[in-house]
Amino acid sequence: MGMAERLYRNGWEPFDYINTSATKIPLDFMIKKILKWTIITVGCLFGVIVAVAIISEPIPKPIETATHEVVSPLSTTTAEVAVSKTTTSNHFEVKNTVSVSPQVIVTPAKPATSDPKYTYYSVIKVVDGDTLSINLEGVTETIRLIGINTPETVDPRKPVECFGKQASDKAKMLLSGKNVRIEKDVTQGDRDKYGRLLAYVWRDDGLFFNEYMIQEGYAYEYTYNKPYKYQTDFKADQTTAKAQNKGLWAPDICNGSSTTSSTEATPLTANGHTFYLSSYYSSKFYYCDTDDGWKSLSSAYLKSYTSEETLLAAYPSRTLHEPCK
1 MGMAERLYRN
11 GWEPFDYINT
21 SATKIPLDFM
31 IKKILKWTII
41 TVGCLFGVIV
51 AVAIISEPIP
61 KPIETATHEV
71 VSPLSTTTAE
81 VAVSKTTTSN
91 HFEVKNTVSV
101 SPQVIVTPAK
111 PATSDPKYTY
121 YSVIKVVDGD
131 TLSINLEGVT
141 ETIRLIGINT
151 PETVDPRKPV
161 ECFGKQASDK
171 AKMLLSGKNV
181 RIEKDVTQGD
191 RDKYGRLLAY
201 VWRDDGLFFN
211 EYMIQEGYAY
221 EYTYNKPYKY
231 QTDFKADQTT
241 AKAQNKGLWA
251 PDICNGSSTT
261 SSTEATPLTA
271 NGHTFYLSSY
281 YSSKFYYCDT
291 DDGWKSLSSA
301 YLKSYTSEET
311 LLAAYPSRTL
321 HEPCK
């Protein structure tokens with residue numbers, strides 16, 4: 001009796017098994033196997049998905065215990081964050097949401113620095129209000145300031161002139177120990193008859209010393225021979241200083257006059273000018289009253305004349321320093 005007949009007699013239906021080329025497998029057995037491996041496969045896939053999700057989630061680092069931690073400002077704001085204690089589950093509580101308050105940061109002014117396009121020299125000595133000595137590339141040079149004249153203080157042949165000490169003290173205060181640059185003027189030549197360099201002086205912080213002395217009433221505007229670069233400005237500065245009674249222009253200083261105490265001018269002559277000279281034997285020049293050079297003459301030897309003819313009759317070897325203006 002064959003297999004089919006025996007199964008049929010035992011209650012199996014013909015459709016309850018599968019006939020393969022090698023074996024005959026019951027259908028319910030195959031279904032169980034398929035369900036088993038399907039469940040295993042689905043479970044593995046689910047496990048992989050969960051594992052990937054867990055791995056990809058960032059894990060927060062534990063936070064050290066801190067209270068009222070102040071975060072330093074990165075720019076112009078500050079932030080204050082209050083954090084609770086550290087927990088083992090890597091969770092923390094932020095108290096009082098971050099508050100940002102504006103903070104004004106004021107940048108301090110930078111100190112003045114020397115302009116790199118100029119060369120500056122150290123001041124060795126301030127002689128008086130219009131003369132100083134500098135270290136010019138290792139050589140001591142005396143500078144006579146262009147366009148200004150201050151009352152005399154150092155000439156041994158004559159007494160200190162009115163407001164001379166104040167002008168000298170001011171110059172020392174402004175220039176002693178400082179660095180300065182010099183500006184020459186081709187209209188005035190390189191040196192004066194005493195061998196001093198003729199120049200304008202600028203302090204390294206930008207102060208134009210020549211002009212400052214006139215503006216504040218410590219010096220007179222002084223045109224030696226020819227007009228110079230800043231003549232118009234200096235004359236205007238003197239007019240303003242005089243109108244404001246500054247320095248030597250004050251009514252109670254030098255009698256409010258530019259005439260110094262040691263060289264009193266005589267009244268103008270009929271032709272409008274007075275001429276001055278020093279009777280000192282080595283003197284070579286005489287001066288018209290429009291030339292401030294006469295103010296440098298010693299009062300002990302100062303002489304004045306109402307005309308050039310009279311002066312030259314007494315001192316025929318003298319030469320007029322510069323024409324009357």
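The working numbering puts the first residue of the sequence shown at 1, with every later residue one more than the last.
Positions of the beta carbon are idealized from the N, C-alpha and C atoms, including for glycine.
Boundaries of the beta strand (DSSP E) in which residue i is found, first to last residue
| i | result |
| --- | --- |
| Leu198 | Leu197 to Arg203 |
| Lys235 | Per DSSP, Lys235 belongs to no beta strand (DSSP E); it is in the alpha helix (DSSP H), Gln231 to Ala243. |
| Ser133 | Thr131 to Leu136 |
| Asn179 | Asn179 to Glu183 |
| Tyr286 | Phe285 to Cys288 |
| Ser278 | Phe275 to Ser278 |
Where residue i sits in the DSSP three-state scheme
| i | result |
| --- | --- |
| Val154 | coil |
| Leu312 | helix |
| Val42 | helix |
| Lys33 | helix |
| Ile55 | helix |
| Ile124 | strand |
| Tyr212 | helix |
| Val139 | strand |
| Leu248 | helix |
Buried versus exposed, by CB contacts within 10 Å (16 or more), residue i
| i | result |
| --- | --- |
| Gly138 | exposed |
| Glu221 | buried |
| Met173 | exposed |
| Gly129 | buried |
| Ala171 | buried |
| Ala53 | exposed |
| Cys44 | exposed |
| Val126 | buried |
| Gly147 | buried |
| Asp28 | exposed |
| Asn135 | exposed |
| Phe46 | exposed |
| Glu152 | buried |
| Ser304 | buried |
| Tyr280 | exposed |
| Ala241 | buried |
| Met213 | buried |
| Ile34 | exposed |
Endpoints, alpha helix (DSSP H) assigned at residue i
| i | result |
| --- | --- |
| Lys165 | Gly164 to Leu175 |
Minimum Cβ-Cβ distance from residue i to chain D less than 8 Å
| i | result |
| --- | --- |
| Asn225 | Judged by its chain identifiers, the structure shown contains no chain D, having just a single protein chain. |
Touching by the beta-carbon criterion (3+ pairs, under 8 Å), the stretch 240-256 and the stretch 197-204: no
Between the stretch 181-196 and the stretch 220-235, do at least 3 Cβ pairs fall closer than 8 Å? yes
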